[in-house]
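Trainee: If you scroll down you'll find the structure; I have some questions about it.
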Amino acid sequence: NLNGFALGSRQRIDLINAEAQTLFGPEIDFIAEFVRAQPSQANDATAVLDLFWLEEFQPHFSAFGPHLLRTTVEVRCPFFDKRMLDLIATMTPLQRSSDKPLQRHAIHALTPALARMPWERTGLPLTASFKKTQLRRATKALRRRANRLLRRQAPASPGKMIDYDEMIRTSPELQKRINAMLIERWPEGSRLFNPRSLQILLDEHMNRTGNFAEMIGRIFTVEAWHKQFVHEPESWPRVTAARSERVYEIAA
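With my numbering applied, the sequence shown corresponds to residues 11 to 262, in that order.
Laid out in structure tokens, this is it:
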């Protein structure tokens, strides 16, 4: 489960101890320098670290930027889905990095409707083949080049497929749902956000003082997750084993 995956072997190691210094590689020398600079003594709590973190630090950060890009799970992954979360927890870092087809297949099997939604960057669904994806990218590149040469038509790929900032301002139904989730049910919500600040945020967005659709969307996602899996978990069917259910008990 996620708890075991995150904590690894649960072994602990004293970073100030001389034996621990042999575990440091060239990529993490700055950690060794930091540890040696601390006034703490051996076996102090501040000098103790999970062995899992020490073992994983070097492979994860030796190629920091590219590696993080490769290991990031698909952005459309339903992170609040117990089944998908449990699957990700069982995958090794190498599988998360290289086995994207497995992740796409899992999302398609668990949430077909989500898999059919077009991605903003390509306009293709998650289930699109590699050939279709490359063809779409080549087509967009040719259109951009033609637009620069002709300068007669609008760019083929706007910054956004959907203008969420304006949609929130013009859709009464969306405004009603956002207000109900963030303001009206605040007493039953996560209470992570100040209700007065939420109201000011919504008012300033509606009055065009600023564009806060992204922030509103993130807060809405947190509150929806809390409503579905923390406040009202008994209303959802038990689709996974008891082991994966404990993940959300820990998260709650």
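Backbone N, C-alpha and C define an ideal beta-carbon position, used for all residues, glycine too.
Computed from a prediction, not measured in an experiment: that's the story for all the values here.
When DSSP labels each residue in this structure, what does Phe230 get in the three-state scheme?
Mentor: helix
Trainee: Using the rule of at least 16 other Cβ atoms within 10 Å of the residue's Cβ for burial, across every protein chain shown, is Arg193 buried or exposed?
Mentor: Before going on, a small fix: residue 193 reads as Ile here, not Arg. Burial call: exposed.
Trainee: Mark Asp213 as exposed unless 16 or more other C-beta atoms lie within 10 angstroms of its C-beta, in which case mark it buried.
Mentor: Counting of Cβ neighbours within 10 angstroms places Asp213 among the exposed residues, the total staying below 16.
Trainee: How close, in whole Å, do the beta carbons of Leu211 and Ile226 come, if the pair is a contact with beta carbons under 8 Å?
Mentor: 7 Å
Trainee: For Asp96, which three-state DSSP category applies?
Mentor: helix
Trainee: Which parts of the stretch 170 to 199 are runs of the beta strand (DSSP E), unbroken and 3 residues or longer, counting only runs that do not cross its ends?
Mentor: none
Trainee: Let me know if Leu208 comes out buried or exposed under the rule of 16 or more other beta-carbons within 10 Å of its beta-carbon.
Mentor: Leu208 comes out buried.
Trainee: What residue range does the alpha helix (DSSP H) around Asn157 cover?
Mentor: 140 to 160
Trainee: Please classify Leu136: is it buried, with 16 or more other beta-carbons within 10 angstroms of its beta-carbon, or exposed?
Mentor: buried
Trainee: Grab me the residues of Glu224's own chain with a C-beta within less than 8 Å of its C-beta, minus the 5 sequence neighbours each way, in chain order.
Mentor: Non-local C-beta neighbours of Glu224 in its own chain, meaning closer than 8 Å and more than five positions away in sequence, comprise Tyr174, ordered along the chain.
Trainee: Spatial neighbours of Ile178 within its chain, please: C-beta separation below 8 Å, excluding the five flanking residues on both sides.
Mentor: Leu184, Gln185, Ile188, His215, Met216, Ala223, Ile226
Trainee: Please report the distance separating the alpha-carbon of Gln113 from that of Ser200.
Mentor: 30 Å
Trainee: Can you round the beta-carbon distance between Thr132 and Arg146 to whole angstroms, since I take them to be within the 8 Å contact cut?
Mentor: Taking the Cβ atoms as the reference, Thr132 lies roughly 5 Å from Arg146, within the contact range of under 8 Å.
Trainee: Quick test of your reading: Leu120 and Met94, contact by CB under 8 Å. State the CB separation rounded to the nearest angstrom.
Mentor: 6 Å
Trainee: Which residue from Leu159, His115, Asp96, Arg206 puts its Cα closest to that of Ala138?
Mentor: His115
Trainee: Compute the Euclidean distance between the alpha carbons of Val232 and Gly220, then round it to the nearest angstrom.
Mentor: Taking the Cα positions, Val232 is about 22 Å away from Gly220.
Trainee: For Pro111, count the other beta carbons within 10 Å of its own beta carbon; 16 or more makes it buried, fewer makes it exposed. Which is it?
Mentor: Within 10 angstroms of the beta-carbon of Pro111 lie fewer than 16 other beta-carbons, which makes it exposed.
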